[in-house]
Each structure stands twice: as C-alpha cells, then as structure tokens.
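Right, one structure below, let's go through it.
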Ligand code: AHR
C-alpha cells in the first residue's frame, strides 16, 4: 500500500492557471493545417481556424498560448503578416524544413484564435534578427488605442480597437537559434529592446526575458545580475529525450523498458532544474518579484519515420501521458514561483496534445492529462506528501508515484496522481486532513505504456471513471501501471 498524506489546512499559494499553457510555432503542421486552414477550406472552420481543434482547446481551458515561436520568432517580421493576404510576403522557414511561409496566419489571425479559445496571448518578439523599432511598433500596433501610425494601420487592416496583450517575450533562445549570443551581450540587448516595449493606456506588458536551457546556470546568473530589474519573468527550456542524445533521441513508439525509464528519469530532472535556477534567481531577487516561466517543455523523439525531420512530428503514447502528469505535478509544487509553462507544442509537433491528418483529428494521451489536471487552474495548492517508495531499475532509483493536490474555489479537493512504474499497479491510501469527506469521484487514463491513438482508432487511450472507496474518512484507490488519475473530493 502506498501512502499519501494531504493537509487541507495548509494552503500555500494559488496555482497560476498559466502553468497549463501551450505553445504554437510556425513549424511543420502546427499552425498551418493543425490550427489554421483558411476561410476557403473544406475543413469546418471559423474565420480560417479549425472548428474541431478550437473546440478541443476550449474544452481543456487553455489559459495562455505562446506564438509565433520558438526559433521561428527570431526570424519573424510581423509586418509581413498583416494586411490583405494576397499582398503578404512569402518567406522561407529556414529553421523548420525550408518550406514557404506565406504569412497568411499573422497577428490578426493569432488574436482571433486566442479570442475563439478564450485564452491570453503570449507574443514572442524578434530580438535575433529584428530591430528595436520593429519590436516597439508591434507592441504599438497591438495595444495602442490613440492616434498613431501603427494604430491607424491596425484600423485599416480591420481592427479599430486595440487588443489587450499582457505577455511579451523579448527574444527566444538567444544563446542558440536566436543569435548565438553570450549572456552578457543578450543582457545588454534585452535591456535596450525592453525599454521600447511600452505600456499604452491600461495595457500593462509583463516583460519576459530569454532564460537558459536545462543546466546552463551561468546564463541565469548573468541575466539576473545584469538585467534582473528590467524583467518580470525569466524563462527556462527543458526537453525530455529518452537517451539524452540529440543525434539519436529514440522513437516515440515501440520503446523498450529501459527507454521508458530513461524518459521518466529525464523528465523528473525538471524538479532539480527549477529548484537550482530559482536559487540563483532568489539571490538577485530576494523579494521574488521575477517569475520563472518554463515556456518550452515536453518529450522530443526522433521524428516519425517517413515524415520531414524538420517538422518534428511524433506520436504520443501513455509514456508521454506519464511525463506530462509528473511534470505538471512538479510545476504545481513550485507554483509559488513558476508562473507559467507552455508545453511544446499544441498540434502535430513534439509532445502534441492534438494530431491532425487533413480533416481528421485525434486527441493524444497528453491531451487527456491536461483535461484531468485542469481542476488545478487557479486553485490553492495544499500540502501533500507521498511516503517515499522507489522503483529499482538497472541501478537507478525512480520514484514510484507522483502527486499534487489543490482546493478549488468551490471547496473541492483535487488530487492528481501518476503511477510511474511500467509494471506494477499501486494501491493508494490517502489520508486527507481538514476535510470531512462525503463523496469522491475519479477519472483514470490507463492503457499499456506503448499505447496511442490513431486516426483509425482514436479511442485506444481515453478517460474513464474509476473507483475510489471512502473508509473511516480515508480514500482508497488503485492506479494501474503507467497511468494517471484525477480524484475530486468533497
Ligand atoms: O519547440 C521546438 C524548438 O525547440 C523551438 O523552436 C526552440 O525554441 C527550441 O529549441
């Protein structure tokens, strides 16, 4: 029996709903086909945005969406993507497959998408190859309501009222695809660019500086030291590769037990990464004013055989569901400082929550995890403690379970738990202090570790109701191997 203790009396911080955020880049079939098909398409759409995909995104309450990249952001010139479509410039998407980008999905289309799915936009500005003026004018175009060249141009292009835009990223991966900069250089550039990212009227921009990748602590140190006071948040990117080797990452399906556990071990590194980056940030920001945003995370496998390797298309199995659940539980744990996270990426790219093939659409196991975890959005994190238990695999000790708990505005206790074992089921006894339990309902996502959904068989991995027993005021439930559960308690 595994033991989980929860103390409802000890409410910590509110879990920022933006931890359940997403990321959509002009990469492969994420934007084009995956989200945007154009008004003339036979695929049912509203103003060019796929109806099926928008419905699915609304259902899991996507709180925030990052766009247009990624590496693409630092080559993107936003002015090419506004105005009459037939006049928009075509460009080469050099990072991602060398395909033609026709700019038919630009600022107005992105804001329309956010409006349709009712989420906040998070715009990633171009510092790598764009000018200060260009970035400054994008913010003016988006948010200025008075008389100005950008505001006039926006009105000419069909939008009189300014939009509300809070989240603005000043560059992406500027240590790599965003300009191969040294931290000292980027810190100075960040300071310069952000100066011209203005607040207009009531609109207050939350300025996000480009942070490090995984273990690059030096970047965090130098950024915080030189530019900490000019930012509202700093980012972190961490991808989970089964092998840890970028040249041979391992496949999304047909993996071995060793690859399964390597993937789990690598995703759990998120915990120490967040903790270590925060320790550095805290030295420069003892008041904890600057938030940490993990705006790219998820699994990264070798692209599906037969697909363009530059499109980063991969299948998604129960292994991905376990990775998503364990990672989201870690974000909940650090939600006092982690203010946003964006899984990479929404449709057809990396750890996608949705896959499409022309008019067909399928929800992946990772999608269902976001559905199970949505109850934590803006809820109060409460103390939870799992009695330590480990899986021994080839000399490695891997935690057997992962869990977190919160209390929502209606007073319900929501527990999310994942069984990380690929073999053994877990019987859990949960002692929740501070609540007189009268009812409990559970939803379970469970299938064999390698199971996934296809366009022909979309329901192989899906949510179902599960049993929870209440005995002497305690909860008892069973989580099968490599499965994820949400329990709602009143
Ligand atoms: O998500 C795919 C790519 O990974 C992004 O474009 C980039 O920021 C990161 O390296």
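In my numbering, the protein residues as written are 17 to 506.
We put the beta carbon where it would ideally sit given N, CA and C, even for glycine.
Being a predicted model, the structure only gives us computed values, none of them experimental.
Is residue i near residue j, with beta carbons less than 8 Å apart?
{"i": "residue 82", "j": "residue 39", "result": "yes"}
{"i": "residue 446", "j": "residue 22", "result": "yes"}
{"i": "residue 438", "j": "residue 276", "result": "yes"}
{"i": "residue 428", "j": "residue 506", "result": "yes"}
{"i": "residue 392", "j": "residue 348", "result": "yes"}
{"i": "residue 141", "j": "residue 187", "result": "yes"}
{"i": "residue 158", "j": "residue 123", "result": "yes"}
{"i": "residue 301", "j": "residue 244", "result": "yes"}
{"i": "residue 48", "j": "residue 64", "result": "no"}
{"i": "residue 130", "j": "residue 79", "result": "no"}
{"i": "residue 206", "j": "residue 151", "result": "no"}
{"i": "residue 461", "j": "residue 397", "result": "no"}
{"i": "residue 415", "j": "residue 436", "result": "yes"}
{"i": "residue 189", "j": "residue 145", "result": "no"}
{"i": "residue 346", "j": "residue 287", "result": "yes"}
{"i": "residue 269", "j": "residue 314", "result": "no"}
{"i": "residue 478", "j": "residue 384", "result": "yes"}
{"i": "residue 62", "j": "residue 370", "result": "no"}
{"i": "residue 355", "j": "residue 309", "result": "yes"}
{"i": "residue 87", "j": "residue 226", "result": "no"}
{"i": "residue 493", "j": "residue 503", "result": "yes"}
{"i": "residue 252", "j": "residue 239", "result": "no"}
{"i": "residue 333", "j": "residue 381", "result": "yes"}
{"i": "residue 7", "j": "residue 322", "result": "The chain is shown from 17 up to 506; residue 7 falls before or after that span and cannot be answered."}
In the DSSP assignment, what are the bridge partners of residue i?
{"i": "residue 19", "result": "445"}
{"i": "residue 252", "result": "228"}
{"i": "residue 61", "result": "66"}
{"i": "residue 511", "result": "Here the chain comprises residues numbered 17 to 506, so residue 511 is not present and cannot be evaluated."}
{"i": "residue 269", "result": "Its beta-bridge partners do not exist; DSSP assigns none."}
{"i": "residue 74", "result": "Looking at the DSSP assignment, residue 74 forms no beta bridge with any residue, so it has no partner."}
{"i": "residue 38", "result": "81, 359"}
{"i": "residue 117", "result": "107"}
{"i": "residue 27", "result": "398"}
{"i": "residue 354", "result": "308"}
{"i": "residue 407", "result": "414"}
{"i": "residue 502", "result": "432, 459"}
{"i": "residue 52", "result": "48, 65"}
{"i": "residue 333", "result": "468"}
{"i": "residue 480", "result": "460"}
For residue i, count the other beta carbons within 10 Å of its own beta carbon; 16 or more makes it buried, fewer makes it exposed. Which is it?
{"i": "residue 360", "result": "buried"}
{"i": "residue 184", "result": "buried"}
{"i": "residue 344", "result": "buried"}
{"i": "residue 262", "result": "exposed"}
{"i": "residue 45", "result": "buried"}
{"i": "residue 488", "result": "exposed"}
{"i": "residue 401", "result": "exposed"}
{"i": "residue 17", "result": "exposed"}
{"i": "residue 210", "result": "buried"}
{"i": "residue 108", "result": "exposed"}
{"i": "residue 265", "result": "buried"}
{"i": "residue 423", "result": "buried"}
{"i": "residue 258", "result": "buried"}
{"i": "residue 149", "result": "exposed"}
{"i": "residue 336", "result": "buried"}
{"i": "residue 147", "result": "exposed"}
{"i": "residue 469", "result": "buried"}
{"i": "residue 452", "result": "exposed"}
{"i": "residue 71", "result": "exposed"}
{"i": "residue 231", "result": "exposed"}
Self-check item: Any beta strand (DSSP E) of 3 or more consecutive residues that is wholly inside the region 359-400
Solution: 370-373, 376-379
Quiz item: Whole beta strand (DSSP E) runs in the region 413-468 with 3 or more residues, listed along the chain?
Solution: 417-423, 429-435, 442-449, 456-461
Quiz item: Which ranges does the beta strand (DSSP E) cover as unbroken runs of at least 3 residues, wholly within the region 279-321, from first to last along the chain?
Solution: 307-315
Quiz item: Which runs of the beta strand (DSSP E), 3 residues or longer, sit entirely within the region 134-221?
Solution: 136-141, 183-186
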